[in-house]
Structure formats: structure tokens, C-alpha cells
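Q: Just passing along the structure, written as C-alpha cells.
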Amino acid sequence: MAKKQFKAESKRLLDLMINSIYTHREIFLREIISNASDAIDKLSYLALTDDKVGLNRDDFRIRVALDKDARTITVSDNGIGMTKDEMEENLGVIAHSGSFKFKSELEDKDNVDIIGQFGVGFYSAFMVSDKVTVISRAYGHEDAWCWESSGADGYTVTPAEKADVGTDIIMHVKPDAGEEHYDEILETWRIRELIKKYSDYVRFPIRMDIEHTEYVETDELDEHGNKKTKPVTHTEEETVNSMVPIWQRSKSEASDEDCARFYKDRFHDPDDPVAVIRVNAEGLVSYRALLFIPKKAPYDFYSRDYKPGLALYSSGVMIMESCADLLPECFRFVRGVVDSPDLSLNISREILQHDRQLKTIAGNLENKVKAELLKLQTGDPEKYDEFWAAFGRQIKYGIVGDYGMKKELLKDLLKFPSSFNEKLTSLKDYVSRMPEGQKYIYYAAAENLRAAAGLPQNEQVKARGYELLYLTEDVDEFVTQMLWSYEEKEFKSVAAGDLGLESQEDKEKDQETLDRSRELLDFMKETLKDDVVDVKLSKSLVSSAVCMSYEGEITLEMERYFRQMPGEAGEKIKARHVLELNPSHPVFASLTAAFENDKDKAAKIARVLCDQAKLLSGIPVEDLPSYAEAVCALI
2 MAKKQFKAES KRLLDLMINS IYTHREIFLR EIISNASDAI DKLSYLALTD DKVGLNRDDF
62 RIRVALDKDA RTITVSDNGI GMTKDEMEEN LGVIAHSGSF KFKSELEDKD NVDIIGQFGV
122 GFYSAFMVSD KVTVISRAYG HEDAWCWESS GADGYTVTPA EKADVGTDII MHVKPDAGEE
182 HYDEILETWR IRELIKKYSD YVRFPIRMDI EHTEYVETDE LDEHGNKKTK PVTHTEEETV
242 NSMVPIWQRS KSEASDEDCA RFYKDRFHDP DDPVAVIRVN AEGLVSYRAL LFIPKKAPYD
302 FYSRDYKPGL ALYSSGVMIM ESCADLLPEC FRFVRGVVDS PDLSLNISRE ILQHDRQLKT
362 IAGNLENKVK AELLKLQTGD PEKYDEFWAA FGRQIKYGIV GDYGMKKELL KDLLKFPSSF
422 NEKLTSLKDY VSRMPEGQKY IYYAAAENLR AAAGLPQNEQ VKARGYELLY LTEDVDEFVT
482 QMLWSYEEKE FKSVAAGDLG LESQEDKEKD QETLDRSREL LDFMKETLKD DVVDVKLSKS
542 LVSSAVCMSY EGEITLEMER YFRQMPGEAG EKIKARHVLE LNPSHPVFAS LTAAFENDKD
602 KAAKIARVLC DQAKLLSGIP VEDLPSYAEA VCALI
């Protein structure tokens, strides 16, 4: 029979698809099995109203057979089959889909899953095959037909013999050539691996012949007088796919413990997750999801090698191992699977279209994760603190990232060390403990907890009985600046100068002291002009002599953060330092006396106090020998 040519546009599409659309050739088997599943779906649906079909659900199956000598992989199904005209229509015209047409004609579209709707998946077989043969007999017909092609050069359709209804797709695997290796896919273990990876949850059994070797005793004896054994190999047909995924089962069928075992096996984590989230959504977009919040961060979590995202399935067929678009970056630690028949996929079934369905699922999952974390935070604080130790920084980065787009979503999840009980506290709990009259959420920022708790500026806040949050990570103050407030209470750093704690009487007394000390402060400001932008009398110090505060948006901790960065940024981005003096401290009296009697000594005291304030605030002193010499001279 004369070879028929693909249409010109079909030839171009076939070449494009084989070389460009599919990025991983191993998915060829997923596409062929999905087509087989579609064919069975069609006949199964027909069997509901046609008694002549003579098959029930348990009779349907897909079979995969290997012939290493002939270099063939055969996928067979007992589905609806194809007539000659349907072969011409579905296989002769690329991107024409019989599955799409079938589903569009159904009255009850929602109750039938058709995986392949774009008519090009079949041609992925040519990525690994130099010839593909399709033998099919359609339901209700006695004749069978054979479609055969070696690629873009065309195809033939000839009569064939086939005893039963259904389709056999025979792929003749290419020989190895240079760096292109194909022999591996002729191995049973490799085909089985691909089925488990991509088609494990196709709801019809996928059967394969699996070889088993056992050792049996013989009558021969070894040198020790024991009977020798010999290997005996036999072949059994086995179902290699699971068919019903755990996320499709109810809680009575799959407990949280079952889900935890699935998680540990699937994601290679020795620890149970801290939370299991099940989602069964129906409506405009229907899907099921099984999500897990890990207990610990994987070793590569904060590296470029880590691949965030959820495994994405469409009607039980895996589309993507890691779909990052299903969760925001702030929840990149969540692992799990999403399975939906409603997602719009592109022609290769590998790339999601960024459409309404995807955004709907992503938004819903985002809220589900937050709700589960809040539930954990209140219901099991110790377990939440474990989670926070592993992923708290990621939540903070989520608030700061994308110009604060996710700050409303994440702010209730935050926890910080607190002076209340030296444990972690949420912002909600902090605000609930605020006494009447407290205007701000006060915090102290430093390199570590001990340094933050020991800042001299804490004294006035603690003297009022107010609680302090201790911010010890680089990102923390960026978080407070991005949030600005929580439940209408502004954040206030103890290093920001005026803490809003003075009475009117205190302000009047401070003004009198300031008037008396103005010349001294101007002298110190001139003496220390290379180190500070201003010298002030402190309103926050109680027992300490001196501290360093700042003016403007860049805080002292932010300066420390930028200082660690390589390049010019670390040198240029600095806080505007303000030296604060405690006028009630004996050192201030000594400084005043020196200013009146010995300006050189007053200048030395000024520099020592400035360096001392720097050290207390975690700011490096550039000339430590001079600082030490000045201290000794004053002693």
C-alpha cells in the first residue's frame, strides 16, 4: 500500500515536538499509557449503557511487554479501539485528538477523566523509536487495521488481524548512537521504574511479565557435604502500578500514620512531618492534595540546588515532579502532591498554562497551609517551635520579599524571643499582654540573645514593666520595618532614641539639663564628627553611662547586616550614629568637669565613651589600640 504523507504543518510539528516540546524523552511511556487509559475509559463509559460490551471494570487492563531481541516495547489495551477512518483522523493528523472530541460530546463530562486531550502525546514515541506500529480493532467491528510510520516521512494504513477489541502500540527502539543511549529502556527494571514514576496511579491495572529467581536444592553435594543450590528463573505477570493513590483515599482508609509513612518514603525524610494537610476540593476547580510540613529543613534547603514545589498529577498521571507555582516562595518548605483533572495543560502535558484554575488551587493551598500552621501554633506550641527553628527564617524572608506582598498572610506566624518568659512569643500574644497605656511594641536588636537582652537602652522599657522582643537575626529589623505595626501598635526599637515613655515633668527637667549642657554636647559633636552625626542626652538610660542610637531608616543591626556583604555596599550603607549620654551617671559629671578644666582630657573621655557605645552596640572599633591607650591614660 502506498505510503501516505503527513500534512506539511503536521510534519513540521512532529519534528518540533520530538526535538523541542518534550524535554525528557522518558515521558514517552507516560503518554502511551495515558492514551491506553483513555481508550479503556471510552469503552468503560460505553459499557454503562451497552450490554453488548460484555466487560466490567475488573476486566479492563493495560499490558506492557518487552522484547529485547526485537528491540520492541509493546503497550496493549482492551479499550475502544480505532477504525481505519479514526486512525487516519487521530494518527494521520497531528494535534487532532479523539479524546478531546469524545469528552466534548459527553453529556456528563465531570464523571469521566480523559487524560490526553491534545493529540500529540502519541508522537512522543518517536523520541525513542525509529518505527511505530499501531494495530487496532474498534469495538463493534470485525476488521482490524495497522498504522505504521518511521517518522515525518509518512505512514501506511493496511488491513491486519486482531482477535480482540483494543489497540497494540509497538515501538521499535532506536539503536545506541554516540551519546544517545536507548538500550536501557529495554530493561524490565527501567520500564517498571518509569511506570511507577509517571503512571503509578492510572486507575486501570498495568501488567508486566516480571522475572523472579529462586534458589532450589539439587542432589549434588559441595565439599562440605551440603546440597548445592541452583538458580531457577520463572516469569509471572504482575500489576506494577498502585492504581489508587493515598491522596484519593478517605481518612478512614488512610490514617495520618499511613500518610506519614508515604511522606517518609516519597521524600526520603527519616522524620515524621509535623503536620499532614488533606484537601478535597470540589467546585469550579476540583482537586485533591496531600501536603506535609517537614520537621527539619533538608541540608540543601537554602541552596540553589533545592527544588521547591509540589508533585503535580492530572487524573493520576504525574505531570511535574516539582511544580513551584502551586505554593508561594514563603511556603517552599511544604512537600506533597496535587491531583486535578481540571488543569489546562499545554500540548506536551509538561508545562502548565498560568490560568485561572492554577491560581485558584495555589490560593486555596496557601490559605490551607497558613491555617494548619496557626492550628499547630496554638494547639501544639512545642511542635510549632520545632517547625519555627527549621523554617522561621523562611517565613521572615517571605514577609520582606516582593515588597511585602505576603506580609498579611504571614504576620500571625511570626515568633520572637521575649523578655516575658525567655521563650518564643507570637505578636498576637505580645499584644494581648500589653498593659493599658503602652503605645508601642518594643524590641531590642543585636547579634545574639545575650547581647540583645543586655542592651543599655532596655532599662527604661523594663522599668515600666513593658515586655521586650529580642531580634537576633539579620532579617528581623527588615521584617518590623515592612510590617510597621501589628494590630495598630507600631514597632519601636530601643535604639531609636525617644521611646515615648517620658512624662511632661520629665521632659521639662530634661530640657533644663539640656540647656546647661549644650556647650559640652556641641564640643563632643565636633570632637567625634567622624564617628557620629549627633550627641544627645539620653532619655532611655537608667544605670548605664552611654549608648549608641541612630537616626533615619538604616538601623544599627541593618548596618551590621550590610557590613557583612562583599563589595562597596558594605562600606557605603551605614546608620547615622547618635551618641547618647546618661546625665545622671557619675561619668557625665566627670566629663563635665573635664570640659570646664581640661579640654584635651574631655576629648579623650569623649572618644572612650564613643568607642564603648560602639562595642555595646556591636559596631566595630576601628582603632582598638588607641581605645585601650586612652582608657589606660584616663585611669
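Residues 2 to 636, numbered by our numbering, are exactly what the sequence shown covers, in order. Ideal Cβ placement from N, Cα and C applies to all residues, glycine included. As the structure is a computational prediction, the values presented were derived from the model and not from experiment.
Less than 9 Å between the C-beta atoms of T230 and V217, yes or no?
A: Contact: yes.
Q: Which value, in whole angstroms, describes the spacing of the CA atoms of E474 and N459?
A: Roughly 18 Å separates the two Cα atoms.
Q: Based on DSSP bridge pairs, tell me the residues matched to E238.
A: D210
Q: So is C611 buried or exposed if we call it buried at 16+ other beta carbons inside 10 Å?
A: buried
Q: I595 lies in the alpha helix (DSSP H); which residues open and close that run?
A: Note on residue identity: the sequence assigns Ala, not Ile, to residue 595. It spans 587-598 - the alpha helix (DSSP H) in which A595 sits, taken as one unbroken run.
Q: Do you know how far the Cα of H578 is from the Cα of Y551?
A: 5 Å
Q: Do you know how far the Cα of E558 is from the Cα of S420?
A: Per the coordinates, the alpha-carbon of S420 lies some 19 Å from the alpha-carbon of E558.
Q: Which word fits D78, buried or exposed, when buried means at least 16 other C-beta atoms lie within 10 angstroms of its C-beta?
A: buried
Q: Would you kindly work out how many angstroms separate the C-alpha atoms of R138 and M172, rounded to a whole number?
A: 18 Å
Q: What first and last residue would you give for the alpha helix (DSSP H) that runs through W190?
A: For W190, the enclosing alpha helix (DSSP H) stretches over residues 189-199.
Q: Is it the case that the Cβ atoms of S162 and Y156 are separated by a distance below 9 Å?
A: Ser is not the amino acid found at residue 162; the sequence shown has Glu there. No. Outside cutoff.
Q: Out of curiosity, what's the CA-to-CA distance linking G438 and E322?
A: Rounded to whole angstroms, the separation of the alpha carbons of E322 and G438 is 54 Å.
Q: What's the call for K308, buried or exposed, on a 16-neighbour Cβ count within 10 Å?
A: exposed
Q: With contact counted as at least three CB pairs below 8 Å, one residue from each stretch, are the segment 84-91 and the segment 29-46 in contact?
A: no
Q: Do P160 and A178 have their CB atoms nearer than 9 Å?
A: no
Q: In chain order, what residues of the same chain have a beta carbon less than 6 Å from the beta carbon of G152, not counting five sequence neighbours either side?
A: F127
Q: Is it buried or exposed, A445, if we count other Cβ atoms within 10 angstroms and call 16 or more buried?
A: Looking at its Cβ environment, which holds 16 or more other Cβ atoms inside 10 Å, A445 is buried.
Q: Between S200 and G317, is the Cβ-Cβ spacing less than 9 Å?
A: yes
Q: Would you tell me roughly how many angstroms separate the C-alpha atoms of L1 and L374, rounded to the nearest one?
A: Because the chain here runs from 2 to 636, residue 1 falls outside it and cannot be looked at.
Q: In whole angstroms, what separates the C-alpha of G226 from that of P232?
A: Pairing G226 with P232, the inter-Cα distance amounts to about 19 Å.
Q: Got a sec, what are the start and stop residues for the alpha helix (DSSP H) W148 sits in?
A: No alpha helix (DSSP H) contains W148, which is instead part of the beta strand (DSSP E) from 145-150.
Q: Three or more C-beta pairs under 8 Å: does that hold for the segment 186-194 against the segment 64-82?
A: yes
Q: Identify every residue that forms a DSSP beta bridge with D340.
A: R289, Y314
Q: Ignore the nearest five residues each way along the sequence and tell me which others in E27's own chain have a CB closer than 7 Å to its CB.
A: L195
Q: If you draw a straight line from the alpha carbon of P382 to that of R561, how long is it in whole angstroms?
A: 32 Å
Q: Ordered along the chain, which non-local residues of its own chain (more than five positions away) have a Cβ less than 6 Å from that of K5?
A: G155, Y156
Q: With distances taken Cα to Cα, identify the nearest neighbour of I81 among F417, G141, L291.
A: G141
Q: If distances are taken between C-alpha atoms only, which option among E623, V622, K602 comes closest to C633?
A: K602
Q: Check whether the Cβ atoms of A298 and F332 lie closer than 9 Å to each other.
A: no
Q: In this structure, how does DSSP classify Y216 when only helix, strand and coil are distinguished?
A: Three-state DSSP puts Y216 in a strand.
Q: Can you list, in chain order, the residues of its chain with a C-beta nearer than 6 Å to that of Y628? Leave out the 5 residues immediately preceding and following it.
A: D612, V622
Q: Put I555 into one of helix, strand or coil per three-state DSSP.
A: coil
Q: Taking the beta carbon of A37 as the centre, do at least 16 other beta carbons fall within 10 Å, making it buried, or is it exposed?
A: buried
Q: Do you know how far the Cα of Q482 is from the Cα of L542?
A: Put simply, the backbone Cα of L542 is about 24 Å away from that of Q482.
Q: Classify R58 as buried or exposed, calling it buried when 16 or more other Cβ atoms lie within 10 Å of its own Cβ.
A: Answer is exposed; the Cβ neighbour count stays below 16.
Q: Return helix, strand or coil for T50, following the three-state DSSP convention.
A: Coil, per DSSP.
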